[in-house]
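S.K.:
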């Protein structure tokens, strides 16, 4: 049990280092999808989606620890934001994707803050 907790804390430490860059890159992607598309926007989008998926995996593996003592992450609202983003990405509509990436940024900022709070 203690080993699992230690692994969860280590995963959250990595997430906190990673999260700020992800959020920053999502903001850049919103600009690109809002009319400033570059040659590598599709590759950039894929890399961001991969990073989002990694953070979701960490979230799923650490949810109990993240919400220990109080609810820091509401799984239902988090999932709703992720599903909305997934649908926008599936549509391949830049405007819809930009809007959903913009909507999910605060969700991932909250995840980063929650992780920082737990590992302190």
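In our numbering, the protein residues as written are 667 to 786.
Just so you know, even glycine gets a beta-carbon here, dropped at the ideal spot from N, CA and C.
Report the rounded CA-to-CA distance for residue 682 versus residue 689, giving the unit in angstroms.
M.R.: Approximately 11 Å, taken between the alpha carbons.
S.K.: In whole angstroms, what is the alpha-carbon distance linking residue 702 and residue 783?
M.R.: Between residue 702 and residue 783, the C-alpha separation is close to 36 Å.
S.K.: Residue 747 and residue 770 look like a contact to me (Cβ under 8 Å); what is the Cβ gap, rounded to whole Å?
M.R.: That belief holds up - the Cβ atoms of residue 747 and residue 770 are roughly 5 Å apart, short of 8 Å.
S.K.: Let's see if you can read the secondary structure: which residues bound the alpha helix (DSSP H) around residue 687?
M.R.: Start and end: 668-699.
S.K.: Could you check which residue in 756, 698, 710 and 745 has the C-alpha nearest to that of residue 721?
M.R.: When each option's Cα is compared against that of residue 721, the closest is 745.
S.K.: Can you give me the C-alpha to C-alpha distance between residue 675 and residue 728, rounded to a whole angstrom?
M.R.: Residue 675 and residue 728: Cα-Cα distance of roughly 8 Å.
S.K.: Taking residue 677 as the reference, which of 709, 687, 726 and 692 has the closest Cα?
M.R.: Closest option to residue 677, Cα to Cα, is 726.
S.K.: Determine the DSSP secondary structure at residue 768, reduced to helix, strand or coil.
M.R.: Correct three-state label for residue 768: helix.
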